[in-house]
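First the structure, in the form of structure tokens, and then the observations on it.
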Amino acid sequence: MLPSVNFCGLNFTRLVIGANPFGGYSHQNPQRDKEMRDFHTVDQILETWRQAQEAGITAMVTNNETPHVLEALEQYFADGTDGKLQWIAQVNHNRNPDMIDAIDEAVKIGAKAMFIHGGVVDNLYKKKDEETIRKWVTHAQSHGIPVGTAGHTPVVHDWINTLDLVDFHVVCFFDCGSVHNAEGERFDLNDIAEAVACIQRIEKPCIGYKIMGAGRIDPKMAFQYAFEHIKNGDVVNVGMHRGDKESIVQENVALVQEVLAELERHSA
């Protein structure tokens, strides 16, 4: 079985499936973006979730803005959320300008947890806008679900952590927030050590993401490094593009099982 943890009261496997490939967010190049978008019809997204659930994964992350991803979510949860992958909603206000409405919509669709998008939080940090982030997080928490914030640099998470506001943090292994400000892609290996040091000093549970640098790092090496350095109660979020390999979900699950088993043997 894929190991799981109690994550803010929810049962999350230590591998959570992401959704950047669904919306064509390759963080590589425009051709790769189009390839991912073309592949991921609503039916293909639903099939990826079916395979993830069958492989033992218990939770997924998607955004709340890409139309066909939202359509897939609505279909997936049309008959209730019981027995389904638990949706961790990545929430921004690109499609719905009112963040409060966007939060309420995600909960209505079926979110079991949510976090504010990293690019949004990065910009609030630049302005030190505590009032806005506190308003959004408090409103989301009023729905009775765990709420976190993402961010692309450790300083953002350190700021959020001083507010003692969120239930969990979503920490990027790379300082690649530049893409959200139209400054291009930035993936520097030097960022990883700072990211995991941030995760280690934050006592609250964390979700590590972009652990493979958007496909730039060998999967087994990425899983080994991530699980060796994050806390025992933390999880990782990995997007999986079946257009590259039909068995990618099962292979990633097998790799995580292998890596975690090795770590357990070495710590025994």
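Residues in the sequence shown are numbered from 2 upward in steps of one, following this note's numbering. Glycine is no exception: its CB is placed at the ideal position from the N, C-alpha and C atoms.
If you count every other CB in all the chains shown that lies within 10 Å of the CB of residue i, and 16 or more means buried, which is it?
i, result
"Arg-51", "exposed"
"Asp-245", "exposed"
"His-28", "buried"
"Lys-127", "exposed"
"Pro-22", "buried"
"Gly-209", "buried"
"Gly-84", "exposed"
"Ala-194", "exposed"
"Lys-109", "exposed"
"Asn-65", "buried"
Between residue i and residue j, is the Cβ-Cβ spacing less than 8 Å?
i, j, result
"Asp-189", "Phe-175", "yes"
"Gly-19", "Gly-240", "yes"
"Leu-74", "Thr-82", "no"
"Ile-58", "Val-17", "yes"
"Cys-173", "Lys-211", "yes"
"His-158", "Gly-152", "yes"
"Phe-169", "Cys-207", "yes"
"Thr-49", "Val-171", "no"
"Gln-54", "Leu-11", "no"
"Asn-93", "Val-121", "yes"
"Ala-112", "Ile-146", "yes"
"Arg-38", "Gly-24", "yes"
"Arg-187", "Gln-45", "no"
When the Cα of residue i is compared with those of the options, which residue comes out closest?
i, options, result
"Cys-177", "Leu-74, Thr-154 and Thr-67", "Thr-154"
"Gln-225", "Val-197, Thr-59 and Leu-86", "Val-197"
"Ile-101", "Trp-88, Gln-87 and Phe-116", "Phe-116"
"Thr-67", "Asn-233, Glu-265, Thr-42 and Leu-86", "Thr-42"
"Pro-220", "Val-254, Glu-55, Tyr-77 and Cys-9", "Val-254"
"Val-260", "Glu-36, Val-237 and Ala-90", "Val-237"
"Leu-71", "Ile-134, Arg-33, Asn-12 and Gln-91", "Gln-91"
"Ala-107", "Phe-78, Ala-223 and Phe-13", "Phe-78"
"Arg-202", "Ala-223, Ile-218, Asp-192 and His-230", "His-230"
"Phe-8", "Glu-247, Asp-235 and His-242", "Asp-235"
"Leu-3", "Met-61, Ile-161 and Gln-258", "Gln-258"
"Phe-13", "Ile-89, Asp-44 and Lys-129", "Ile-89"
"Glu-252", "Ala-56, His-144 and Met-222", "Ala-56"
"Gln-142", "Asp-123, Glu-265, Thr-163 and Ile-104", "Ile-104"
By DSSP, does residue i sit in helix, in strand, or in coil?
i, result
"Met-241", "coil"
"Phe-13", "strand"
"Phe-23", "helix"
"Gln-29", "coil"
"Ser-179", "Because Ser-179 carries a pLDDT of 49, less than 50, the predicted location of this residue cannot be relied on, and the following value inherits that uncertainty. The answer is helix: DSSP assigns Ser-179 an H, G or I state."
"Ile-89", "strand"
"Phe-40", "helix"
"Ala-60", "strand"
"Ile-249", "helix"
Would you say the beta carbon of residue i is closer than 7 Å to some non-hydrogen atom of the ligand ATP?
i, result
"Leu-164", "As presented, the structure is devoid of all ligands, the ligand ATP included, so that no description of it is given."
Q: Tell me the start and end of each unbroken alpha helix (DSSP H) in the segment 97-151 that is at least 4 residues and wholly inside, in chain order.
A: 100-110, 119-128 and 131-142
Item checked: Length-filtered (4 minimum) alpha helix (DSSP H) runs lying within the segment 158-227 -> 191-202, all fully within the segment 158-227.
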